[in-house]
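Trainee:
Protein chains in written order, with full-length UniProt numbering: chain A, 1 to 354; chain B, 1 to 354.
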């Protein structure tokens with residue numbers, strides 16, 4: 001049995017001698033198209049008995065009502081929580097969210113962009129992978145008219161809206177607190193990668209030391225991938241120094257947790273001998289003993305703002321270019337047992353004098 | 001400028017007087033189509049200068065090379081790790097994965113199915129939400145020819161392949177271990193929901209008690225959502241009983257962690273006074289002090305097997321119906337400090353006799 005070729009926008013375009021994309025825009029009520037053209041297209045569509053099916057219609061008018069999110073990994077409370085904030089706003093306007101993980105792998109990140117494009121998302125929200133230094137895959141998506149918004153791990157090489165937290169301020173507050181607890185040899189776990197969040201945290205650490213006239217020791221800055229295992233080996237490395245640090249500020253909670261494990265295994269008291277602080281306020285930071293001092297990044301709020309910026313880009317007048325916005329959130333220092341050296345030392349003295 | 005209508009599979013179908021879907025299958029080298037038809041289709045495609053573009057081709061032949069995964073939440077190491085296992089296998093055969101979260105909300109789960117269908121996934125892998133009791137949304141996807149595979153939270157109401165772990169055995173092993181540690185009043189945190197995993201864990205708990213002739217007390221079984229806060233309130237509830245339990249086996253690690261927090265806050269020794277065990281081997285279980293005894297679910301392996309079963313469904317001969325397979329993995333008991341009562345009591349005696 002033969003099936004009759006379906007009428008497509010190409011047939012309408014041919015009949016009116018306009019381009020298919022003009023037909024598509026007209027059917028989609030795009031403000032860029034004149035009312036006269038819209039009327040002509042609708043008339044022709046009726047005459048030809050044009051019936052868009054759902055999928056094909058979405059394909060033509062570019063509205064799938066899907067947002068694609070690319071994150072390094074969903075297995076991190078921070079990212080999961082940002083996604084939750086994005087979904088909250090998206091669902092209100094009847095948008096759904098699909099997630100793709102880059103695993104901080106550049107090749108995979110490029111592929112996830114393609115995967116989301118073939119899933120016909122209406123836009124992409126990204127937290128860039130640690131190892132990404134070329135942004136052409138995102139530029140390609142932009143060239144296809146796919147709006148892009150970045151959060152947390154961002155870059156200025158793309159002309160897009162960004163939401164981040166003030167990593168510098170968060171790190172500065174941590175180190176200031178450690179200094180106020182009497183620490184004078186403060187180590188820092190950082191990443192060798194060129195991701196701005198880690199550079200900013202390092203800068204906050206160094207500036208706090210300088211402002212409080214606490215010496216900076218090159219050998220106390222340890223670079224790694226900042227995972228649990230890295231935190232362990234970085235701590236081991238520091239304990240081989242002739243003089244131990246009296247505090248460690250890790251740019252990630254995982255690194256701080258690894259350090260805590262090593263200290264406990266060796267019977268070194270935290271915070272009395274080595275105070276500890278992380279960054280990110282992962283839920284497990286409140287489970288350890290002592291609980292970890294850390295920095296909260298307002299991940300839910302970050303997600304909500306990111307989604308709002310994303311939908312802003314839909315509202316732009318066709319003639320005006322969207323001016324990319326940068327939103328910077330203020331982080332909050334969460335002080336817990338792992339850094340309360342003064343208190344712990346006082347308690348130890350009281351206990352021993354009983 | 002007019003654009004020439006593009007040659008579609010409909011044109012080929014019309015020329016050969018066959019259906020468009022036959023053309024699509026022929027171009028996609030589907031074994032259901034005879035070699036003669038395939039040759040004719042390819043010849044006609046060449047004559048008409050048929051050039052599939054990527055998106056349209058995917059649309060026609062139904063191969064987007066995307067797998068949609070629906071999980072309750074990505075913010076759970078177990079699910080994140082299963083997804084990682086799925087991606088590992090999928091990437092080998094050039095498939096990409098997109099994730100959608102149901103947040104254990106039935107309405108959201110229905111919407112995620114629609115979202116994935118509109119993203120044109122080639123198939124869906126699901127771990128069913130806790131509150132789902134109607135499976136029509138999955139049946140609708142199946143009726144559209146979208147292969148479905150379930151993992152962990154499964155149901156027998158759908159005729160599909162499933163991968164799960166032996167929850168009964170895992171729970172039985174935990175309770176057996178607690179009994180061997182001398183516990184005789186063993187409480188259990190479970191879910192009121194009809195998800196089979198929790199029913200199976202409860203059954204394992206009860207059977208172990210029965211087999212070892214340890215009394216079962218109705219009041220020691222506490223139902224909740226098994227999150228951290230639930231674990232806290234369940235523990236508070238148990239501590240109001242005239243006689244405390246000497247062990248708690250929580251069907252989730254989060255519940256066990258909440259219980260541990262309450263015990264520590266009240267100065268009740270774990271495992272000496274109350275031994276603890278969870279289920280799931282979430283990474284944080286090794287961070288706490290004492291570290292939590294739990295059950296490992298081989299999540300990576302589960303993901304790999306799930307993906308393999310998924311691709312199996314692609315290989316099915318057209319005439320044969322795919323027989324759904326059920327794969328049951330054996331879990332592993334991970335014994336840590338929170339349940340080692342005998343050892344902890346011995347150490348306490350030694351310490352006090354010094």
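The beta carbon of each residue, even a glycine, is placed where N, CA and C say it ideally should be.
Computed from a predicted model, the values in this text were never measured in an experiment.
Looking at chain B, which residues of the stretch 270 to 293 of chain A have a Cβ within less than 8 Å of any of its Cβ atoms?
Mentor: 283, 284, 287, 288, 289
Trainee: CB-CB under 7 Å to residue 77/B, same chain, minus the five flanking residues each way: which ones, in chain order?
Mentor: 282, 283
Trainee: Since residue 257/A meets chain B, which of its residues come closer than 7 Å, beta carbon to beta carbon?
Mentor: 287
Trainee: Do residue 345/B and residue 290/B have their beta-carbon atoms positioned less than 9 Å apart in this structure?
Mentor: no
Trainee: Relative to the C-alpha of residue 227/B, which candidate in 268/B, 260/B, 213/B has its C-alpha closest?
Mentor: 260/B
Trainee: Measure the alpha-carbon distance for residue 12/A versus residue 66/A and round it to whole angstroms.
Mentor: Each residue's Cα considered, the two are about 27 Å apart.
Trainee: Three-state secondary structure (DSSP) at residue 332/A?
Mentor: strand
Trainee: Look up residue 272/A in the DSSP assignment and say whether it is helix, strand or coil.
Mentor: coil
Trainee: For residue 144/A, which residues in chain B fall below 9 Å Cβ to Cβ?
Mentor: Here the premise fails: no neighbours, minimum Cβ distance about 11 Å.
Trainee: Tell me which residue opens and which closes the alpha helix (DSSP H) that residue 85/B is part of.
Mentor: Start and end: 77 to 92.
Trainee: Below 8 Å on C-beta distance, what does residue 73/B contact in chain A?
Mentor: 80
Trainee: Alpha carbon to alpha carbon, what distance is there between residue 44/A and residue 16/A?
Mentor: 8 Å
Trainee: Residues of chain A with CB closer than 9 Å to the CB of residue 120/B, please, in chain order.
Mentor: 55, 118, 119, 120
Trainee: Could you check the C-alpha separation between residue 197/A and residue 150/A for me, to the nearest Å?
Mentor: 13 Å
Trainee: Of all the options 163/A, 222/A, 18/A, 264/A, which has the alpha carbon lying nearest to the alpha carbon of residue 192/A?
Mentor: 222/A
Trainee: By Cβ distance below 7 Å, which residues in the same chain neighbour residue 236/B in space, the five residues on each side in sequence not counted?
Mentor: 262
Trainee: Run the CB neighbour count on residue 46/B, radius 10 Å, all protein chains shown included, and call it buried at 16 or more, exposed below.
Mentor: exposed
Trainee: Does DSSP put residue 162/B in a helix, a strand or coil?
Mentor: strand
Trainee: Taking the runs of the alpha helix (DSSP H) that are 4 residues or longer, which of them lie wholly in the stretch 92 to 175 of chain A?
Mentor: 106 to 118, 136 to 143
Trainee: Could you give the DSSP three-state label for residue 246/B: helix, strand or coil?
Mentor: coil
Trainee: Given a limit of 7 Å on CB to CB distance, which residues of the stretch 209 to 232 of chain A reach chain D?
Mentor: The chain labelled as chain D is not found among the protein chains of the depicted structure, namely A and B.
Trainee: In terms of DSSP beta bridges, what is residue 293/A paired with?
Mentor: 277/A
Trainee: Going along the chain, which residues of the stretch 157 to 175 of chain B sit with their C-beta nearer than 7 Å to a C-beta in chain A?
Mentor: none
Trainee: How is the beta strand (DSSP E) around residue 190/B delimited, first residue to last?
Mentor: 186 to 190
Trainee: Quick one, are the C-beta atoms of residue 182/A and residue 285/A less than 9 Å apart?
Mentor: no
Trainee: Could you give the distance in angstroms between the alpha-carbon of residue 303/B and the alpha-carbon of residue 128/A?
Mentor: 25 Å
Trainee: Do we get a CB-CB distance below 9 Å when we pair residue 353/A with the residues of chain B?
Mentor: no
Trainee: Establish whether the CB of residue 131/B and some CB of chain A are separated by less than 9 Å.
Mentor: no
Trainee: Going by the DSSP bridge assignment, what does residue 37/B pair with across the sheet?
Mentor: DSSP, once it has assigned bridges, lists no residue as partnering residue 37/B.
Trainee: Name, in chain order, the residues that DSSP records as bridge partners for residue 68/B.
Mentor: 98/B, 124/B
Trainee: Which residues in the same chain as residue 241/B place their Cβ atom closer than 7 Å to its Cβ, once the five residues preceding and following it in sequence are excluded?
Mentor: Once the five neighbours on either side are set aside, the close Cβ partners of residue 241/B are 219.
Trainee: Which of helix, strand or coil does DSSP assign to residue 342/B?
Mentor: helix
Trainee: Looking at chain B, is there any beta carbon in it that lies within less than 9 Å of the beta carbon of residue 200/A?
Mentor: no
Trainee: According to the neighbour-count rule (16 or more other Cβ atoms, all chains shown, within 10 Å of its Cβ), is residue 249/B buried or exposed?
Mentor: The residue is buried, with at least 16 neighbouring Cβ atoms inside 10 Å.
Trainee: From 278/B, 232/B, 273/B, 139/B, pick the residue whose C-alpha is nearest to that of residue 202/B; which is it?
Mentor: Ranking the options by Cα distance to residue 202/B, first place goes to 278/B.
Trainee: Going by DSSP in three states, residue 55/B sits in which element: helix, strand or coil?
Mentor: Below a pLDDT of 50, predicted positions are generally treated as unreliable, and residue 55/B, at 39, falls in that range; the measurement from the model is reported next regardless. Residue 55/B: helix per DSSP, three-state reduction.
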